[in-house]
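Note that this note's numbering gives residue 1158 to position 328 of the sequence shown, counting from 1, and the numbers run on in steps of one. Each residue gets a CB set at the ideal place from its N, CA and C atoms; glycine is no exception. Here the structure is laid out as structure tokens; the discussion comes afterwards.
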Amino acid sequence: MGAAERRRWSSFIRQDLVVLAVSRLADRQSHGLVVTGPPGVGKTTLARSVEARIAATTHCVKLFGSSAETAVPYGMWGIHLARLERSSLQSPDSIILGIAELVTADAAGRPVVLVLDELPAIDASSMGVVMHLLRNAGVHVLALARSANDVPGELVRLLNDGLLSGLALETFTRNEVQTLMSKALGGSVAAAVVAALHESSRGSPLVLHALIQEEINRGHLVQHNDTWVFTNDRPAPPSSLLSELVQARLAGESGQVRHGVEMMAHMQQVPLSMLAEVLGAATVARMQERKLLDIAQDARRSTSLTDPYVAETVRAMMGRAAKARLYRELTDVVPLAGQNLSRLELLAFADWAHDAGMPLAPGEALSAAKTALLCSDPLLALKFAAAATGGASMAVQAALLRSAAHSLLADYPGAVAELLDSRELADASLDVPGHAAWVAELCGALLWVDGGAAQIPGLLVAETARLSDHVRDPGQLAAARRSLALAMVEYQVHSGLYGDAALVLEAGYREMEDVDHSLYCGSLLVLVWAAGGRELDAIDLAGDIAAELDGPSRFLRQPFVHLQGLVLALIWSGQWHQGAQLLTQMLSTLRRRSEHPGWILELWLGIAYVCAGKSGEAAELLVVAVAQLEIRDTHGCRQLAYSALAYALAQAEYDVEADECLALAGGLVPNTAWVNLAMTKFFTLMAQRLLGDAKATQALSTSAQEDLAAGRSTVAALSLFGASGSPRENDLALLASAAALGQGPMAELSLLLAHALLDQDAEQALRAAAVAEVLDLAAVELRCSLLALDLARSAGYGRQVREAELRIDRLAPTSPVRHLMPASQGATLTQRELQVARLAGRGMAN
């Protein structure tokens, strides 16, 4: 990407700094501005933007220092020096005055700005001219330097005296990267893409531009439906663009330092003590001095290369023989077996050995594959699992890990196929608990393929009979039954049979004989309780489980299950703010290896916003989620994403687009967990209701009755609350019954609204509006306020009328809501109230 393209990109961001710099240069009380920042941070680009902004009214003189060790006198002013008459070259004073006269003449009465680049490489004579112009000719300066130490002493004194302003230019933040990419490339950008590119570039504009172009050229970064996302493909080796950047970064470094960079690029992160033993203290000190090495302030003083893109590019550029040579050199000095390394560090060494052509022991390969899965890197897990060659038992374990990797890639048929292909080996080689665990994993994989769930009860019955016929050891029998019971309860939760699952999960959570098993039961129980009227208990349970989790569970799907239950418990209880904050925080801390879990976080955050009536924020997130799910339909959530987006668009009165999303959702074959199916149905019916489908309200009521019969009172109340926009007495009585079974502020709000309509009570409608205000549910607050106004006018209650009017006046300009229909036909609204009601009734967006 050339300089012109970088300048185009820079126009999309940091314009506030351009404005600041222009104001400093126009300030008559100041001599100008000194901009500092590391290489590639955008100092020159900022200067060019400033020049372009002031070019019409200001004469800009661009001056560059010399990189030569011996500075040439007046070298920076070489062109002006060549224009001087011979008489002006007799003395330093005449030279200074001559150059000053040329600058003034060229300016033709306009203000002058000197742009000084390549500080501190400016000779003393050139600085003498600069200082004369600043002090005697009213000239301003825009000076660029890598650090404060590189600023010449003359300018430092002006800074200290307040006659020059300083501006430290920082690298891009993650939000700036997202804004820049969105504006420069056009379209939304997935959070996982932003996280990976920000971390690899460390926010350096120069590196970021190169990385983005590189990823696009390699086909790893693609635009899908106006959203930039990563594909499933592992990135190809870097092209010359990144290689040139790395070579420029390392240019001039000693052979020892370059060797240290190569070694550190492959180790990735190790304790400082280990690095010093491998490279020597002098080389480590030099690398840190040259800002090539970061040393963390943790207990182990963890070290890594300062620039991740350097590490990634160096690894990709080196051939197998060179990697093998480095690996042997390392292990000759420091045996890895004696090191206290983290899982990530061990994974890096395993990847290095594998790429160097050094076969891993089967056990090491399996361990590395599982670690890769824990780090959300399924492609790396598949690579290690393929290297785990050994006996039959080893082959089955490798198949289990490959199946988990395919599941993480949303290749659910592939996950099932891996297990079925290993069935004979599993039957012949696994012990009783191991075989039961294998069957349980097969059941978990079958949940996500067409017709798979129907096979699960039969598989579990057959395995239970096998246990009864062949097992006598009580310990083995208990472990095997525990695995099968968990598989059955997962099937029940997946199928929405929450009543059947609750007691088993509660018992499993309390047992704690197998801690991983018990905590996973607890994570499943969070969702069951949240759907069954125990929302607040579910939130507390999720917190208790999180506190007990010492490390990664052997159930790789637990983080997903746990987070899903917690987020839905927060949303369903009305505490959508907390759910959104949790998801936003997780998105803000995504790392390069977090691409795969990052796919689903934006969907849940969009659902939190759409449930809160924040249609604009919801649609923006859900568009990104849809684009990602169309590439990788994680847990069959694409249909859910379409329906949630349809509801958000219907709220915002984009009826045509909402209809298109409903058609896309309806065109998919449902194949997902019951909770996703239920939410898809709810969002679909709510969108249809807003679009004028008269049957949607009845369908919501029917769905709620089915949920109540199955003990899913929270979900039933949600549907009945949605149906209350067209209130019917039977539905309102059901809403009151369902809400009375629930916990939390949303249950309280639903109960108040139901009784307000049943009892025609304005006071209860106002109390519901107050609860909605606390929950920041503006749409619901306006509905309740309009209802209260109608009821209070009908009853002649002046105080309640005034309170309702105050709420409506506050909410009307901004609330995107379709209002609750008046409870009586006799109430007459003012013209302003009719206008508000019409806007609300059409779901007008903010």
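First through last residue of the beta strand (DSSP E) which encompasses residue i
i: SER1132; result: 1132–1135
i: LEU974; result: 970–975
i: THR1057; result: 1057–1060
i: TRP894; result: The identity of residue 894 in the sequence shown is Phe, whereas the question assumes Trp. 889–894 is the extent of the beta strand (DSSP E) around PHE894.
i: GLY996; result: 995–998
i: LEU1357; result: No beta strand (DSSP E) contains LEU1357, which is instead part of the alpha helix (DSSP H) from 1345–1361.
i: HIS1054; result: 1051–1054
i: THR866; result: 862–866
i: ILE1125; result: 1123–1125
Within 8 Å, strictly: CB atoms of residue i and residue j
i: ALA1482; j: GLY1446; result: yes
i: LEU1027; j: ILE1042; result: yes
i: ALA1095; j: ARG1145; result: yes
i: GLY1395; j: LEU1435; result: no
i: LEU1386; j: LEU1371; result: no
i: ALA1337; j: VAL1319; result: no
i: VAL1456; j: LEU1431; result: no
i: VAL1269; j: GLU1254; result: no
i: ASP1137; j: ARG1032; result: yes
i: LEU1548; j: THR1514; result: no
i: ALA1368; j: HIS1324; result: no
With 16 other Cβ atoms within 10 Å as the buried cut-off, status of residue i
i: GLY1082; result: exposed
i: VAL1647; result: Residue confidence is low: VAL1647 scores 40 on pLDDT, short of 50, so the model does not pin down where it sits. Its coordinate-derived value is still stated next. Burial call: buried.
i: THR1219; result: exposed
i: MET1097; result: buried
i: THR1527; result: buried
i: VAL848; result: buried
i: GLY1673; result: Bear in mind that the predicted position of GLY1673 carries a pLDDT of just 46, short of 50, making it unreliable; the figure below should be weighed with that in mind. Its Cβ being crowded by 16 or more others within 10 Å, GLY1673 is buried.
i: ALA1191; result: exposed
i: THR1003; result: exposed
i: GLU1119; result: exposed
i: LEU1333; result: exposed
i: LEU1650; result: Residue placement at LEU1650 cannot be trusted, given a pLDDT of 37 that sits under 50; what the coordinates show is reported in the next sentence. LEU1650 is buried by the Cβ-count criterion.
i: LEU1664; result: Note that LEU1664 scores a pLDDT of 48, beneath 50, so its modelled location is shaky; the value from the coordinates is reported in the next line. Exposed: under 16 other Cβ atoms inside 10 Å.
i: GLY1656; result: At GLY1656 the pLDDT is 38, less than 50, meaning the model places this residue with poor confidence; the figure from the coordinates comes in the next sentence. That one is exposed.
i: LYS1121; result: exposed
i: SER1654; result: Since pLDDT at SER1654 reaches only 41, below the 50 mark, its modelled position is unreliable, and the value read off the structure follows with that caveat. By the 10 Å Cβ count, SER1654 comes out exposed.
i: LEU919; result: exposed
i: ALA1099; result: Note on residue identity: the sequence assigns Gln, not Ala, to residue 1099. Burial call: buried.
i: GLY992; result: exposed
Option nearest residue i by Cα separation, candidates the options
i: GLY1555; options: GLN1388, ARG1613 and GLN1394; result: ARG1613
i: ASN1055; options: LEU1498, ALA1570, ILE1461 and ASP1591; result: ILE1461
i: MET1180; options: LEU1530, VAL1163, PHE1214 and GLU1487; result: Reading the sequence as shown, one finds Ala at residue 1180 and not Met. The candidate whose alpha carbon is nearest that of ALA1180 is PHE1214.
i: CYS1351; options: VAL1279, ALA951 and TYR1339; result: TYR1339
i: ASP1606; options: ALA1438, TYR1472 and ARG1079; result: ALA1438
i: GLY1017; options: GLU1450, GLY1541 and ALA1410; result: GLU1450
i: LEU1075; options: SER1473, GLN1590, ALA1308 and THR1143; result: THR1143
i: TRP1429; options: HIS1465, ILE1401, LYS1444 and ALA1442; result: HIS1465
i: ARG883; options: ASP1346, VAL943 and PRO1189; result: VAL943
i: ASP1380; options: GLU1593, ASP1346, PRO868 and ALA1539; result: ASP1346
i: LEU1239; options: ARG1253, LEU1210 and ALA1225; result: LEU1210
i: LEU1538; options: CYS1441, ALA1106 and TYR1328; result: TYR1328
i: LEU1413; options: ASP1124, ALA1021 and GLN1008; result: ALA1021
i: LEU931; options: LEU949, ALA967 and ARG940; result: The question names Leu, but residue 931 in the sequence shown is Glu. Per the Cα distances, ALA967.
i: LEU949; options: SER1353, LEU893, GLU1365 and SER921; result: LEU893
i: VAL1091; options: GLU984, ALA1141, ARG1131 and GLU1029; result: ALA1141
i: TYR1627; options: ALA1592, SER1383, GLU1578 and VAL1604; result: ALA1592
Integer-rounded CB distance, given that residue j should sit under 8 Å from residue i
i: LEU1470; j: ASN1501; result: Not really, about 12 Å apart at Cβ, beyond 8 Å.
i: VAL865; j: LEU963; result: Incorrect: roughly 19 Å between the Cβ atoms, too far for contact.
i: SER1237; j: ALA1275; result: 7 Å
i: SER1403; j: GLY1552; result: Wrong, their Cβ atoms sit about 16 Å apart, outside the cutoff.
i: LEU1479; j: CYS1467; result: That pair is no contact at about 18 Å.
i: LEU1521; j: ALA1488; result: 6 Å
i: ALA1568; j: ALA1534; result: 7 Å
i: MET1093; j: LEU1160; result: 7 Å
i: ILE1125; j: LEU1102; result: 6 Å
Unbroken alpha helix (DSSP H) run spanning residue i, endpoints
i: GLU1559; result: 1559–1570
i: THR1510; result: 1504–1520
i: LEU1366; result: 1365–1378
Any non-hydrogen atom of the ligand FAD closer than 7 Å to residue i Cβ
i: GLY1017; result: Ligands are entirely absent from the displayed structure, and the ligand FAD is therefore not among its contents.
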